[in-house]
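> Our numbering numbers the first residue of the sequence shown as 417 and each following residue consecutively.
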Amino acid sequence: MINPRKGTPTSYIAKYISKNIDGRGLAGEISKETGKSLRDNAEYVNAWASLHRVQQFRFFGIPGRQAYRELRLLAGQAARQQGDKKAGAPVLDNPRLDAILAAADAGCFATYIIKQGGVLVPRKYHLIRTAYEINEEPTAYGDHGIRIYGIWSPIAEGKICTHAVKWKMVRKAIDVQEAAADQGACAPWTRGNNCPLAENLPQQGKDKSADGDTRTDITRMNDKELHDYLHSMSKKERRELTARLRLVKPKRRKDYKQRITDHQRQQLVYELKSRGFDGSEKEVDLLLRGGSIPSGAGLRIFYRNQRLQEDDKWRDLY
């Protein structure tokens, strides 16, 4: 029994759901059954439900909700078609079916359940059900799926269509006159053209170079001129300058190569030959540049600190 002094049935249901979902607002409460926090118990419940594939808090034993949506859609379509007719006029000829539609249109789901036959009633006994049809056009995989057509009833003949208009996604049509390459920029979607034609006239304060470039050379400016120029730039000029700076390739680091004496090189060649390698100039140069040579069984040899070393190739991934 629910004690009214502690809460209402609604609060009891809300707390019960919270105990089995995320434990929100229950971190400070302790379960009398386990002695642990209710928030921790919620994680255990979710893990148990996921392991055994149990769907929690799913509606069952009620009429189809899709039929409820289709009835509300049909009621709206009928109201627009009736126009000046008296509000509340029958939409369906059968009084039992029209009563279900009126309950759905009013948004009273309890009345809708009662008019459909009640709770825990098999779907084959429902008076109004969702009607489906096969798609005329195949999908990208070649199969003809099903789409919602409307509603139907076992006590009435025929089906009632609620989706008379069929929509599909298509590409936007291209105007050949606008898209032609010799016609200039295409018409903008808005009043302002974000892709203006290229301006070939030299702008004030810019020198035209031999290759036709009208951009300002900022490398010749001193600190004050550069400061004034950057603060006087428009947004477009700033974007162009940012793009130019991104195109500047960073300086590459010079090739790394260890420097050794002739005696150390002879010793390195001798050690390579003793390990079964050729000791060629190519192998020596590879080791001096920080490379490694496979020595078999997943091992590699490399030259570090003036001596030849061997190590596991995949040790860094352990």
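Yeah, the Cβ is synthetic: ideal placement off N, Cα and C, and Gly gets one too.
Could you tell me the alpha carbon to alpha carbon distance between R681 and V700, rounded to whole angstroms?
Their Cα atoms are separated by approximately 8 Å.
> By DSSP, does T426 sit in helix, in strand, or in coil?
Of the three classes helix, strand and coil, the one that applies to T426 here is helix, per DSSP.
> Assuming the contact rule is C-beta atoms closer than 8 Å, N436 and V461 should be a hit. Round their C-beta distance to whole Å, please.
Going by Cβ atoms, the distance from N436 to V461 rounds to 5 Å, so yes, they are a contact pair.
> Please determine, among A659, K540, I709 and K448, the residue with the shortest C-alpha to C-alpha distance to I571.
Of A659, K540, I709 and K448, the residue nearest in Cα terms is K540.
> In angstroms, rounded to a whole number, what distance separates the CA positions of R485 and G477?
Looking at the two C-alpha atoms, the distance is approximately 17 Å.
> Going by beta carbon distance, what residues of the same chain come within less than 7 Å of K422, once the five residues before and after it are set aside?
If we look at K422 and ignore the five residues flanking it on each side, it has no Cβ neighbours.
> Is L508 helix, strand or coil when you go by DSSP?
L508 falls in the coil class under three-state DSSP.
> What did DSSP end up calling N638 once you bin it into helix, strand or coil?
In this structure, N638 counts as coil in the three-state DSSP scheme.
> Touching or not, the region 557-565 and the region 522-542, by the rule of three or more beta carbon pairs under 8 Å?
No: the two stretches stay apart, fewer than three of their Cβ pairs being nearer than 8 Å.
> Cutting at 6 Å between CB atoms, please list the residues of its own chain near Q674, excluding the five before and the five after it.
The residues are L704.
> Using beta-carbon positions only, say whether E726 and S711 come within less than 8 Å of one another.
Taking 8 Å as the Cβ cut-off, E726 and S711 qualify as a contacting pair.
> List the residues that DSSP assigns as beta-bridge partners of L724.
Beta-bridge pairing links L724 to Y719.
> In its own chain, which residues sit with a C-beta less than 8 Å from the C-beta of W464, not counting the 5 before and 5 after it?
Hits under 8 Å: V470.
> Would you mind working out which of N551, A547, I564 and K582 sits nearest K575, comparing C-alpha positions?
Residue A547 is the option with its Cα nearest to K575.
> Could you give the residue range of the beta strand (DSSP E) that holds W568?
Here the beta strand (DSSP E) through W568 covers I562 to W568.
> If you draw a straight line from the C-alpha of Y432 to the C-alpha of E445, how long is it?
Distance between the alpha carbons of Y432 and E445 is about 13 Å.
> Determine whether the beta carbon atoms of A491 and D514 lie at a separation below 8 Å.
Their beta carbons are not under 8 Å apart, which means A491 does not touch D514 by this criterion.
> Spell out the partners DSSP gives E549 in its beta bridges.
Answer by DSSP bridge pairing, in chain order: R563.
> Please state whether DSSP places K575 in a helix, a strand or coil.
In this structure, K575 counts as strand in the three-state DSSP scheme.
> Which residues share a DSSP beta bridge with G712?
Looking at the DSSP assignment, G712 forms a beta bridge with L715.
> Taking DSSP's pairing of strands, which residues face I446 in a bridge?
Paired residue(s): S453.
> Would you give the residue range spanned by the alpha helix (DSSP H) that S690 belongs to?
Looking at the DSSP string, the run of the alpha helix (DSSP H) that includes S690 is D678 to S690.
> Please state whether the Cβ-Cβ distance between A505 and Q498 is less than 8 Å.
The answer is yes: Cβ separation under 8 Å.
> Would you give the residue range spanned by the alpha helix (DSSP H) that K698 belongs to?
From DSSP, the alpha helix (DSSP H) with K698 extends over E697 to L704.
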